[in-house]
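Notes follow once the structure below has been shown.
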Amino acid sequence: MNSSSQPPTLHGTPTADLLPELHRQVLAATGGLASVLLQRDVRSGGYRASSGRGFSTLEGAWVGAEFSADFAAAALEGPTVRPLAALPGLADRLEGHEVLIVPLVEDGGTAFLLVTGVGFSASAVTAAARARTEFSLALRVTRLTKRQTLFLELQGIFRVFTRGVTATRSLRTSLDALALDTNALFGTRQVAIWLHDRGERTLSLA
């Protein structure tokens, strides 16, 4: 399998395109068929795909909770090449005969880059290993960007709330609008708003 020892580069790439571009480049460097980034789902205990290339869909659980411990133990030995048959739960998702696994350093927990293919060479493993730093950085940049976007959206909601209170003099109407906007932002059904009485130093449910 042809491969290049040149690692992917992030320079000049817009934030939204970081991970897609890195997937494209790591496949070119390793000669892989497809690549996917798996991150731990704290709610289910399994692993889900956060980005990838070469797959028709990334939805759903990729590694179930029942396989997550064995998968993580095997993956942490990486960068390593494993036969697909040695990774229960992934055979239905991945193509090829081998999986090149690269553990990444990620603040929210361990993440893994998986590249599928046939007959990975030593230089392909080296190229994927060199990409781990940039994938880890891309994860961090993406997470910080999402955090900043969330902060700006919250700022906007609170500005609308403040203007509503000033314009209508109706706290109840503004609180109802605040609850609706907050639920829309987080995809929730209910939100509790507590009011702080500075003079009495008490909290009351709005």
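Residue numbers (the working numbering): 21 to 226.
Even glycine gets a Cβ: it sits at the ideal position worked out from N, Cα and C.
Predicted, not measured: the structure shown is a model, and the values here were computed from it.
Residue(s) in a DSSP beta bridge with residue i
| i | result |
| --- | --- |
| E118 | P103 and G137 |
| V83 | Y67 |
| G51 | Paired residue(s): none; G51 is not in a bridge. |
| F132 | L58 and P123 |
| G72 | V56 |
Among the options, nearest to residue i - alpha-carbon criterion
| i | options | result |
| --- | --- | --- |
| F206 | T188, H216 and T169 | T169 |
| R200 | I177, A158, F171 and T50 | Reading off the sequence shown, one finds Leu at residue 200, where the question assumed Arg. Nearest of I177, A158, F171 and T50 to L200, Cα basis: I177. |
| V122 | R179, A197 and A148 | A148 |
| A49 | L120, S70 and L96 | L120 |
| A158 | L47, L53 and L57 | L57 |
| A69 | V135, V185, I213 and T186 | V135 |
| G230 | L174, Q175, E173 and A197 | The structure shown does not extend to residue 230, since the chain is modelled only from 21 through 226, so no value can be given for it. |
Expected contact under 8 Å - CB spacing of residue i and residue j to nearest Å
| i | j | result |
| --- | --- | --- |
| S194 | F181 | 5 Å |
| V83 | G66 | 5 Å |
Secondary structure of residue i, DSSP reduced to three states
| i | result |
| --- | --- |
| L58 | strand |
| R209 | coil |
| G176 | helix |
| G228 | Residue coverage of the chain in this structure runs from 21 to 226, which leaves residue 228 outside it and unanswerable. |
| D112 | coil |
| T202 | helix |
| P27 | Bear in mind that the predicted position of P27 carries a pLDDT of just 42, short of 50, making it unreliable; the figure below should be weighed with that in mind. Here P27 sits in coil by DSSP. |
| R189 | coil |
Residue i burial status per 10 Å Cβ neighbour count (16 or more: buried)
| i | result |
| --- | --- |
| F132 | buried |
| S55 | buried |
| T77 | exposed |
| P103 | exposed |
| A151 | buried |
| F171 | exposed |
| Q59 | buried |
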